[in-house]
Amino acid sequence: MSARRHDLQAKSTARAARGRPARLSRELIVSTALRCDLTTLTMRELATRLGVSHSALYRCVRDREGLFDLISEVMVERILPPDDPTEHTWRSWLARLAWAMHDEFLAVPGYAARVAHPHRHNPASFGRLRERVEAAFIAAGASPEAAQQSWYVFALGIVQWLGGTDQGVSMDGAPPRFDLFLDTLLRGLPARLPVEHPRPDAQRSRP
Numbered sequence: 006m007s008a009r010r011h012d013l014q015a016k017s018t019a020r021a022a023r024g025r026p027a028r029l030s031r032e033l034i035v036s037t038a039l040r041c042d043l044t045t046l047t048m049r050e051l052a053t054r055l056g057v058s059h060s061a062l063y064r065c066v067r068d069r070e071g072l073f074d075l076i077s078e079v080m081v082e083r084i085l086p087p088d089d090p091t092e093h094t095w096r097s098w099l100a101r102l103a104w105a106m107h108d109e110f111l112a113v114p115g116y117a118a119r120v121a122h123p124h125r126h127n128p129a130s131f132g133r134l135r136e137r138v139e140a141a142f143i144a145a146g147a148s149p150e151a152a153q154q155s156w157y158v159f160a161l162g163i164v165q166w167l168g169g170t171d172q173g174v175s176m177d178g179a180p181p182r183f184d185l186f187l188d189t190l191l192r193g194l195p196a197r198l199p200v201e202h203p204r205p206d207a208q209r210s211r212p
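Just add 5 to the spot in the sequence shown (first one is 1) and you have this note's numbering.
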């Protein structure tokens, strides 16, 4: 091969490499999205940040809901403690989980608010989270029914607190402290059945 031909081939290869779009992957898509404000992020903006065409992104992620499904999978992987809760560690296990949710959710603008807002959750990732939390309450001695109700209290409490914080909900006085909130929440769990203070019969017909 002549030197001139070799030089032309090298230049052609270089141009192709420069024009080649980024190789899309689950990790790249999620890591790029997590650097954005999820409240306003659009698929077109995400494609621009990734350096790919709009259609190329849609071949990997069907829509914005699919994007949040991917993000949820990664978030759950990040927040779940690696060990399993036991009868001796269930409370500290839940505390570690709650603080991980606090740190990871609030690190991404708009994510906590999104999770707190009623919507279709990723059944696989949030189902995995629910299973582990209910296992912690069962390890604490709760029945399956009480463990399920405890999951509702724990998840709704944490998510709504973080959602309010993410949206900048302000209260008069000192800012609310997550450590005090979490300590109070965990002291009341697991839920106890039957309920000690049921709703009076006279009030059952009220909305």
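Here a beta-carbon is modelled for each residue, glycine too, at the ideal position from N, C-alpha and C.
query: Environment of Pro26 [buried if 16+ CB atoms lie within 10 Å]; result: Its pLDDT being 48, under 50, Pro26 is placed unreliably by the model, and the measurement read from it follows with that caveat. Exposed is the call here.
query: Helix, strand or coil at His202 according to DSSP, with G and I counted as helix; result: coil
query: Cβ pair Leu29, Ala61 closer than 8 Å; result: yes
query: Any 3 or more C-beta pairs closer than 8 Å across the stretch 75-88 and the stretch 124-142; result: yes
query: DSSP-derived helix/strand/coil call for Pro149; result: helix
query: Spatially closest choice to Leu194 from Thr170, Pro123 and Ala160, by CA coordinates; result: Ala160
query: Pick from Arg64, Leu99, Pro114 and Pro123 that is closest to Phe142, judged by C-alpha positions; result: Leu99
query: As assigned by DSSP and simplified to three states, the class of Leu111; result: helix
query: 8 Å Cβ cutoff met for Ala145 and Trp95; result: yes
query: Pro128, enclosing alpha helix (DSSP H) - first and last residue; result: Pro128 to Ala144
query: Short Cβ contact (8 Å threshold) for Leu190 with Arg137; result: no
query: Range covered by the alpha helix (DSSP H) that runs through Cys65; result: His59 to Cys65
query: The stretch 161-170 contacting the stretch 116-123, beta-carbon criterion three pairs below 8 Å; result: yes
query: Cα-Cα separation, Arg54 to Ala196; result: 46 Å
query: Whole-number beta carbon distance between Thr44 and Pro114, since they are thought to touch under 8 Å; result: 7 Å
query: Glu32, enclosing alpha helix (DSSP H) - first and last residue; result: Arg31 to Ala38
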